[in-house]
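Some notes on the structure that comes next.
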Amino acid sequence: MSELTKYMAVWMFSVFISSVAQIMLKAAANREYPSRIREYLNPIVISAYGIFFLSTILTMYALKYVPLTMSPIIEPCSYIFVPVLGWLILKEKVSRRRILGMAIMFIGIAVFSM
Numbered sequence: 002m003s004e005l006t007k008y009m010a011v012w013m014f015s016v017f018i019s020s021v022a023q024i025m026l027k028a029a030a031n032r033e034y035p036s037r038i039r040e041y042l043n044p045i046v047i048s049a050y051g052i053f054f055l056s057t058i059l060t061m062y063a064l065k066y067v068p069l070t071m072s073p074i075i076e077p078c079s080y081i082f083v084p085v086l087g088w089l090i091l092k093e094k095v096s097r098r099r100i101l102g103m104a105i106m107f108i109g110i111a112v113f114s115m
């Protein structure tokens, strides 16, 4: 595996865990809490923000070695990860329109990467 591929994988992992953190925040928002402070200071929310922080660190680390021109390929993957994770974890419905949008985005990523 080349160095570029390794750092692109780090960046992709960063995008993925950021998507996981978004799903965690959505799951936390769907719950009822006894007080406003508990709504924001609970393990799920704190963990999600910790994951966002880790994602930022990994992205900055990867950007030291990956050209910024790769950003239009890697960053939009979150728009695919979030609905898929929402469907798998939160059992959210994914409309045909959203599936079409994800397919167009995937095709765009593929074309741009060539």
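Per the working numbering, numbering through the sequence shown is continuous, rising by one, with the last residue being 115. We put the beta carbon where it would ideally sit given N, CA and C, even for glycine.
Which residue from the options puts its Cα closest to that of residue i?
{"i": "threonine 60", "options": "Met71, Ser96 and Val11", "result": "Val11"}
{"i": "leucine 1", "options": "Ser48, Ala104, Ile38 and Phe107", "result": "In the structure as shown, the chain begins at 2 and stops at 115. Residue 1 is therefore absent and cannot be evaluated."}
{"i": "alanine 28", "options": "Ile45, Arg39 and Ser20", "result": "Ile45"}
{"i": "alanine 111", "options": "Arg98, Arg32, Ile75 and Arg97", "result": "Ile75"}
{"i": "asparagine 31", "options": "Ile18, Lys92 and Ile100", "result": "Lys92"}
{"i": "isoleucine 52", "options": "Ala104, Ile18, Tyr41 and Met71", "result": "Ile18"}
{"i": "glutamate 4", "options": "Phe54, Asn43 and Ala63", "result": "Ala63"}
Assuming residue i is part of the alpha helix (DSSP H), what are its boundary residues?
{"i": "tyrosine 80", "result": "79-90"}
{"i": "leucine 59", "result": "44-64"}
{"i": "proline 73", "result": "72-75"}
{"i": "valine 95", "result": "Premise fails: valine 95 is in no alpha helix (DSSP H) and is neither H nor E."}
Determine the contact status of residue i and residue j, defining contact as a CB-CB distance below 7 Å.
{"i": "glutamine 23", "j": "valine 83", "result": "yes"}
{"i": "methionine 106", "j": "tyrosine 80", "result": "yes"}
{"i": "serine 56", "j": "serine 15", "result": "yes"}
{"i": "methionine 9", "j": "valine 67", "result": "yes"}
{"i": "glycine 73", "j": "phenylalanine 113", "result": "Reading off the sequence shown, one finds proline at residue 73, where the question assumed glycine. Yes, these two residues count as a Cβ contact at 7 Å."}
Report yes or no: is there a C-beta of chain C within less than 7 Å of the C-beta of residue i?
{"i": "glycine 109", "result": "Protein chain content of the structure displayed is limited to a single chain, and chain C is not contained in it."}
Checklist entry - Which ranges does the alpha helix (DSSP H) cover as unbroken runs of at least 4 residues, wholly within the region 2-42, from first to last along the chain? => result Runs of the alpha helix (DSSP H) inside the region 2-42: 4-30 and 37-41.
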